[in-house]
Amino acid sequence: MAQSVAERVRQIVEPYARQLSLEIWDIVYKKEGSDWYLRIFIDKDGGVGVEDCVDFTHLITKPLDEADPISQSYTLEVSSPGIERELKAEWHFKKYIGSRVMLRTIRPVNGVRDFAGVLQNYEDQQITLAADGGESMTFQKKETSFVKLDDFDINDFNK
Numbered sequence: 000m001a002q003s004v005a006e007r008v009r010q011i012v013e014p015y016a017r018q019l020s021l022e023i024w025d026i027v028y029k030k031e032g033s034d035w036y037l038r039i040f041i042d043k044d045g046g047v048g049v050e051d052c053v054d055f056t057h058l059i060t061k062p063l064d065e066a067d068p069i070s071q072s073y074t075l076e077v078s079s080p081g082i083e084r085e086l087k088a089e090w091h092f093k094k095y096i097g098s099r100v101m102l103r104t105i106r107p108v109n110g111v112r113d114f115a116g117v118l119q120n121y122e123d124q125q126i127t128l129a130a131d132g133g134e135s136m137t138f139q140k141k142e143t144s145f146v147k148l149d150d151f152d153i154n155d156f157n158k
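Residue numbers (numbering that gives the first Met the number 0): 0 to 158.
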């Protein structure tokens, strides 16, 4: 099976991320309008800043150009996954067990698509959530549109 662009890029850039004590959160390669974008989301304990993004970009530009994993021209963007980052990979879910998340289902469950609560478990592609209503709910990952951290608190701006 052929590797995706994201997989090929990950193989090239991951060693450089480790050099800077960064982890690759996600890699997205997509077309917007007539332009292609390669977006690499990086993270580390304590979060990443602009300098981390700049340093990582400088470190990976030449290796990406030399390996040439993408045939057409593209714009490289390196950034943080943000405070309301999307959980996609198994290790994302495992890392944030006990954290507040927002979850949207593809189809309504009892007339509702949006759920919020504490991520209790992730096992065999099943997401268990302690919903705000107090009940424990389990969702198949494939039946969700997204699962994101729910870390935003307006009170953080009033300190």
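Just so you know, even glycine gets a beta-carbon here, dropped at the ideal spot from N, CA and C.
query                                                                                                                                             : result
So what does DSSP say about ILE126, is it helix, strand or coil?                                                                                  : strand
Spell out the partners DSSP gives LYS30 in its beta bridges.                                                                                      : TRP35
Considering only DSSP beta bridges, list what THR104 is partnered with.                                                                           : THR143
Tell me the rounded alpha-carbon separation between ASP123 and ARG84.                                                                             : 21 Å
Could you say which of GLY32, TYR15, SER144, GLN125 lies nearest to SER135 if we only look at CA atoms?                                           : GLN125
For ASP149 and ILE39, what's the separation of their Cα atoms in angstroms?                                                                       : 21 Å
Assuming LEU86 and LEU128 form a contact by the criterion Cβ under 8 Å, report the distance between their Cβ atoms to the nearest whole angstrom. : With 8 Å as the limit, LEU86 and LEU128 do not qualify as a contact, their Cβ atoms being about 12 Å apart.
Taking the C-alpha atoms as reference points, what is the distance between ILE153 and ILE82?                                                      : Since pLDDT at ILE153 reaches only 45, below the 50 mark, its modelled position is unreliable, and the value read off the structure follows with that caveat. About 13 Å.
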